[in-house]
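Take a look at the structure below.
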Amino acid sequence: MQVIQNCQIDPEYFEPISECADAVGMECENPGSEWPWNVISMNATAYSCGAICRVGDEMEHNHSAEELAMCKRLASEIAELAKDISWGAHSASIVAPSPFYVVANIGAEVPVKIDKKLIRRIFGGTIYPPAKILIEPLQERGEWWSYVIGGFIDDEEDNDHFLQTWRDMIAWFHKQPELHGQAFVQIGEDMLHEDENGACVFPRLALAITKAGSVVGLWNRVVEA
Numbered sequence: 041m042q043v044i045q046n047c048q049i050d051p052e053y054f055e056p057i058s059e060c061a062d063a064v065g066m067e068c069e070n071p072g073s074e075w076p077w078n079v080i081s082m083n084a085t086a087y088s089c090g091a092i093c094r095v096g097d098e099m100e101h102n103h104s105a106e107e108l109a110m111c112k113r114l115a116s117e118i119a120e121l122a123k124d125i126s127w128g129a130h131s132a133s134i135v136a137p138s139p140f141y142v143v144a145n146i147g148a149e150v151p152v153k154i155d156k157k158l159i160r161r162i163f164g165g166t167i168y169p170p171a172k173i174l175i176e177p178l179q180e181r182g183e184w185w186s187y188v189i190g191g192f193i194d195d196e197e198d199n200d201h202f203l204q205t206w207r208d209m210i211a212w213f214h215k216q217p218e219l220h221g222q223a224f225v226q227i228g229e230d231m232l233h234e235d236e237n238g239a240c241v242f243p244r245l246a247l248a249i250t251k252a253g254s255v256v257g258l259w260n261r262v263v264e265a
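In structure tokens form, the structure reads like this:
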């Protein structure tokens, strides 16, 4: 088995949610804090294996090259399928979702499902501690789906295309034999922490777990302003 242990910091991979780590000049609101006006730590970064951490954190990198390649392939495949999806019906900024993967170390425990503890772990402790994390099944129901269909426009033909694109994305996740625990994840929401943290840019993810315990899917950001 080929083992990857030389993962490197990858700013391009982190770019889809880099705005979530930007305090937009509001550091004075909470001097010395990692989260003065942002939901992801200002010190956050990511590695080429997808691992998210603070700059300077020591991390174990002991990945199967085959698992890394599979995660990249799956994430790229779903990102291409979902490139026309509008994430965040009411977002002030619309961008295409990007590939997401956090490759497990060899022999790591395989999670049964995606929960809040797992999300905070794969984000390396960089999520604002009081931030709400909402995790729902990747199905046509729940709060996240209501948010999606809230983006309908007047043109019926465009609505059909809009819905079909989302349905194709959901179906893809459930058709992959390598994946389980499919979920939609919302990190943070408008009025994050009243007057203490006025962040308005939040991560949104569609995820699943591989048989080796990696987490793979899509990530993006929404701007609630």
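So for the sequence shown, my numbering puts the first residue at 41; every next one is plus one. Glycine included, C-beta positions come from ideal geometry on N, C-alpha and C.
Assuming glycine 182 is part of the beta strand (DSSP E), what are its boundary residues? In the sequence shown, the residue the question calls residue 182 occupies position 142. Element bounds for glycine 182: not the beta strand (DSSP E) but the alpha helix (DSSP H), 182 to 189.
Using a Cβ-Cβ cutoff of less than 7 Å, which residues in the same chain neighbour asparagine 83 once the five nearest sequence positions on both sides are dropped? Stepping through the sequence shown from its first residue, residue 83 is reached at position 43. Hits under 7 Å: Glu74, Arg94, Val95.
(message) Using a Cβ-Cβ cutoff of less than 6 Å, which residues in the same chain neighbour proline 151 once the five nearest sequence positions on both sides are dropped?
(response) For the purposes of this step, residue 151 is taken as the residue at position 111 of the sequence shown. If you ignore the 5 residues before and after proline 151, its C-beta comes within less than 6 Å of the C-beta of Leu158, Ile249, all in its own chain and listed in chain order.
**Request:** Indicate whether methionine 41 and serine 104 have their beta-carbon atoms separated by less than 8 Å.
**Result:** On the sequence shown, residue 41 is found 1 positions in, with the first residue counted as 1. On the sequence shown, residue 104 is found 64 positions in, with the first residue counted as 1. Their beta carbons are under 8 Å apart, which means methionine 41 touches serine 104 by this criterion.
Discussion item. Quick test of your reading: alanine 119 and proline 137, contact by CB under 8 Å. State the CB separation rounded to the nearest angstrom.
Written reply: Here residue 119 refers to the residue found at position 79 of the sequence shown. Here residue 137 refers to the residue found at position 97 of the sequence shown. Rounded, the Cβ-Cβ distance is 6 Å, consistent with contact.
- request: Determine the closest residue to glycine 65 out of Gly238, Leu245, Phe202, with distance taken between C-alpha atoms.
  value: Counted from its first residue, the sequence shown places residue 65 at position 25. When each option's Cα is compared against that of glycine 65, the closest is Gly238.
Is the beta carbon of valine 225 closer than 8 Å to that of tyrosine 141? In the sequence shown, the residue the question calls residue 141 occupies position 101. In the sequence shown, the residue the question calls residue 225 occupies position 185. No; because the gap between Cβ atoms is not below 8 Å, this pair is not in contact.
For this session: Identify, in the order they occur along the chain, each residue of the same chain with its Cβ nearer than 7 Å to the Cβ of serine 81, setting aside the five sequence neighbours on each side.
Result: Walking along the sequence shown from the start, residue 81 turns up at place 41. Closer than 7 Å at Cβ, skipping near neighbours: Ala61, Glu74, Trp75, Arg94, Thr166.
Identify which residue in Gly257, Ile189, Asp235, Ile175 has its Cα closest to the Cα of alanine 211. Within the sequence shown, the letter at position 171 stands for residue 211. Ranking Gly257, Ile189, Asp235, Ile175 by CA distance to the CA of alanine 211 puts Gly257 first.
ask   = Is glutamate 149 helix, strand or coil by DSSP?
value = The sequence position of residue 149 within the sequence shown is 109, counting from 1. Glutamate 149 sits in coil when the DSSP states are folded into three classes, being neither helix nor strand.
In the DSSP assignment, the beta strand (DSSP E) including isoleucine 249 goes from what residue to what residue? In the sequence shown, the residue the question calls residue 249 occupies position 209. Segment 241 to 250, the beta strand (DSSP E) holding isoleucine 249.
Next on the checklist: Given a cut-off of 8 Å on the beta-carbon distance, is the pair leucine 173 and isoleucine 92 in contact?
Outcome noted: Mapped onto the sequence shown, residue 173 falls at position 133. Mapped onto the sequence shown, residue 92 falls at position 52. Residue identity check: residue 173 is isoleucine in the sequence provided, not leucine. Cβ atoms of isoleucine 173 and isoleucine 92: not closer than 8 Å.
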